[in-house]
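Some notes on the structure that comes next.
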Amino acid sequence: MKTRLSCGLWIAVATVSIATAAVDLPDPGVRAPAVAGRFYEEDAARLRAGVEALLRDAIPARGGEPIGLLAPHAGYVFSGQLAADAWRQVQDRDVDVVVILGTNHTVAPFRGAAVFTGQGLRTPLGTVPVDRGLAARVVEASGGLIAANADAHRREHSIEVQLPFLQAALPGARVLPLVVGTTDPETCRRLGEVLADALRDCRPVIVASSDLCHYPDAATAVAVDSEVLAAAASLAPAELVRTVTAAERRRLPGLDTCACGEGALLVMLHAARGLGANHATVLDRVHSGDTALGEPGRVVGYGALVASRAEDPGSDTTAIEPPPPADPDRPLDAGEQTSLLGFARRTVAQYLTTGTAPLARGLAPRLGAQQGAFVTLHDERGRLRGCIGHLAEDRPLGVVVGAMAIQAAVGDRRFTPVDAAELAGLRVEISVLSPLEQVSGPGDVRVGTDGVMIRKDGRQAVFLPQVAVEQGWDRDTLLAELCRKAGLPRDAWRRPGCEFLTFQAQVFGEDSRR
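Set out below in structure tokens:
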């Protein structure tokens, strides 16, 4: 066994300032994908399978006629499920054109918005046609606020990552791609009014492509993102500006921005209101630390929201239900074990076949308790294929198991990564851990009952309780093997300065649940 590998958080955001002239592509021009293979899968079959899996798991459509969406734009393994939540609200509806409001990450700041007027935007799933007539009309009506500028689109990811969802949810729809270059409230108001006027005679959806807070810890992200989403759900752009400004003035540790697409979100709110939106629902809110490859110490926030025209708008502006308290001291019952094993298997299968991963939501409340866990994978012949664990009690159990399932499959350096062809023969085992407790010495270690961590001279290693039983070790052999694993002399456990920590585990596997 081995302790958790360090999995660095990859934040799919880049900011580069480049002075460029506004140059349009020759007609007809098709923008090539710039971030395929980085933010999402380059292989068409894997990409389609991943998007379809995320849409299947997405929050079902809410009531009313959807007009505006907020969808995040990070890598799919981090924010793909939240993007799918947003796009599910318009899936298979009669939509003529999708306006995607992107965020400028790649060129020097500019006033207004940059429209792409080429023939289309290509992804591995094909080319989405640009509504060039609509593009010409908004340029003409904007009084110079909207201008053709292919350079602002050439390397920009915030529009591109939305396109595969558009292709899966609304096949055949045209797109109007606009990169918003400002957060100035008055300019955003005017842009929203231009869009609303131009869209009155068609069936549109307006998508604001924006992540939320950048780089605080998880607790700060939850607080700030909840405030920002509540402000957006009020459909009052001025309230959103006030909320973002107030949060940023607090100078919270690590907080770089509250919404990297604030301008896009403001334009969407103005345009949606102009087209009759009178109700908004926050579909969900997560941060990168809630995902299988994230870390809770430094996160990026993601939200999904739908603005609708509803006959009875009511007062409910959120679909998020706070989880009930969970008791980490209660052992998992048979149903919870089965659910957790199924989630671990589904996570590995989805990651290996599509490069995406499900969120740990919809699980039993007990699986939301913050608790450590190991995931162990054996092949069809019973041989170990990977075992990775997380000992800290800093994340919900379901999140930990999903993360460790992926790491056990592809991150255990003792083995080659698991291949998708092996999935049918894999056996999943989960060890749910009690808190670590330091004991006075090796004599306090109970073989077969305790998992053990040894620490000495900056080195450490851990074995689960079942290892000694499986290997037929006594206490001395167990501790000697633990020292060897830590890179210490085999008798280091007998020397001064060696620390011993123990824990217990509830161990269950698929064989015991079948």
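Using numbering that gives the first Met the number 0, the letters of the sequence shown map in sequence onto residues 0 to 513.
In this text, a Cβ means the ideal position worked out from N, Cα and C, and glycines have one as well.
Buried or exposed by the 16-neighbour rule on C-beta atoms within 10 Å, applied to residue i
i: Gly-447; result: exposed
i: Gly-142; result: exposed
i: Gly-293; result: buried
i: Asp-210; result: buried
i: Gln-470; result: exposed
i: Gly-180; result: buried
i: Cys-259; result: buried
i: Gln-166; result: buried
i: Glu-310; result: exposed
i: Arg-30; result: buried
i: Pro-395; result: buried
i: Thr-244; result: exposed
i: Ser-208; result: buried
i: Glu-185; result: exposed
i: Val-461; result: buried
i: Leu-500; result: buried
i: Asp-515; result: A question about residue 515 goes unanswered here, because the residues of the chain that appear run from 0 up to 513.
i: Pro-236; result: buried
DSSP state of residue i mapped onto helix, strand, coil
i: Arg-382; result: coil
i: Leu-435; result: coil
i: Glu-530; result: The shown model of the chain, from 0 to 513, leaves out residue 530, and the question about it has no answer.
i: Phe-507; result: strand
i: Tyr-75; result: helix
i: Ile-99; result: strand
i: Asp-26; result: Confidence at Asp-26 is low in this model, with a pLDDT of 42, below 50, so its placement is unreliable and the value that follows should be read with caution. Coil, per DSSP.
i: Phe-164; result: helix
i: Leu-239; result: helix
i: Ile-205; result: strand
i: Leu-251; result: coil
i: Phe-342; result: helix
i: Tyr-350; result: helix
i: Val-193; result: helix
i: Asp-224; result: helix
i: Val-409; result: helix
i: Pro-364; result: helix
Same chain, Cβ closer than 6 Å to residue i, five either side skipped, listed in chain order
i: Pro-25; result: At Pro-25 the pLDDT is 43, less than 50, meaning the model places this residue with poor confidence; the figure from the coordinates comes in the next sentence. Hits under 6 Å: none found.
i: Arg-297; result: Tyr-214
i: Thr-219; result: Leu-251
i: Val-539; result: Nothing about residue 539 can be reported from this structure: the residues present for the chain run from 0 to 513 only.
i: Ser-78; result: Pro-71, Tyr-301
Nearest-angstrom Cβ-Cβ length linking residue i and residue j, presumed shorter than 8 Å
i: Asp-411; j: Ile-387; result: 6 Å
i: Val-97; j: Val-223; result: At roughly 29 Å, the Cβ-Cβ gap does not stay under 8 Å, so Val-97 and Val-223 are not in contact.
i: Gln-90; j: Ala-168; result: 4 Å
i: Ala-52; j: Gln-503; result: Not a contact, Cβ separation roughly 36 Å.
i: Pro-488; j: Cys-482; result: 6 Å
i: Thr-355; j: Gly-49; result: 4 Å
i: Ile-453; j: Leu-478; result: 7 Å
i: Asp-449; j: Pro-464; result: 6 Å
i: Asp-130; j: Val-174; result: 7 Å
i: Leu-295; j: Asp-216; result: A small fix is needed here, since residue 295 is Pro in this sequence, not Leu. Yes, Pro-295 and Asp-216 are in contact; Cβ-Cβ is about 7 Å, under 8 Å.
i: Thr-105; j: Glu-155; result: 5 Å
Contacts around residue i, its chain only, beta-carbon distance under 8 Å, and the 5 residues preceding and following it disregarded
i: His-377; result: Leu-383, Arg-384, Leu-425, Arg-426, Glu-428
i: Asp-196; result: Ala-140, Gly-273
i: Arg-136; result: Ala-197
i: Ile-145; result: Gly-111, Ala-112, Ala-113, Val-114, Val-137, Val-138, Leu-177, Leu-190, Val-193
i: Asp-490; result: Ala-479, Cys-482
Close-in-space but distant-in-sequence residues of the same chain around residue i (CB under 7 Å, 5 per side omitted)
i: Val-398; result: Asp-289, Ala-359
i: Leu-362; result: Ser-338, Phe-342, Gly-397
i: Ala-271; result: Ile-66, Gly-67, Ile-205, Ala-306
i: Cys-201; result: Asp-95, Val-96
i: Pro-312; result: Asn-277, His-278
i: Pro-163; result: Tyr-39, Leu-46, Val-50, Thr-122, Leu-124
i: Pro-364; result: Pro-322, Pro-323, Ala-325
Proximity test, residue i beta-carbon vs the ligand SAH heavy atom, cut-off 8 Å
i: Pro-128; result: Of ligands this structure carries none, so the ligand SAH is not represented either.
Minimum Cβ-Cβ distance from residue i to chain D less than 9 Å
i: Ala-217; result: The question asks about chain D, but that chain is absent: this structure has only one protein chain.
Worksheet item: Counting pairs of beta carbons, one from the region 155-171 and one from the region 28-46, are three or more of them closer than 8 Å?
Response: yes
Item to complete: Determine contact between the region 358-371 and the region 255-265, defined as no fewer than three beta-carbon pairs at a distance below 8 Å.
Response: no
Worksheet item: Is it true that the region 295-309 meets the region 62-69, where meeting means three or more beta-carbon pairs spaced less than 8 Å apart?
Response: yes
Worksheet item: Can at least three beta-carbon pairs, one atom from the region 321-328 and one from the region 95-111, be found at a separation below 8 Å?
Response: Flag = no, the region 321-328 and the region 95-111 do not touch.
Item to complete: Tell me, please, whether the region 275-284 touches the region 229-243 by the rule of three or more beta-carbon pairs shorter than 8 Å.
Response: yes
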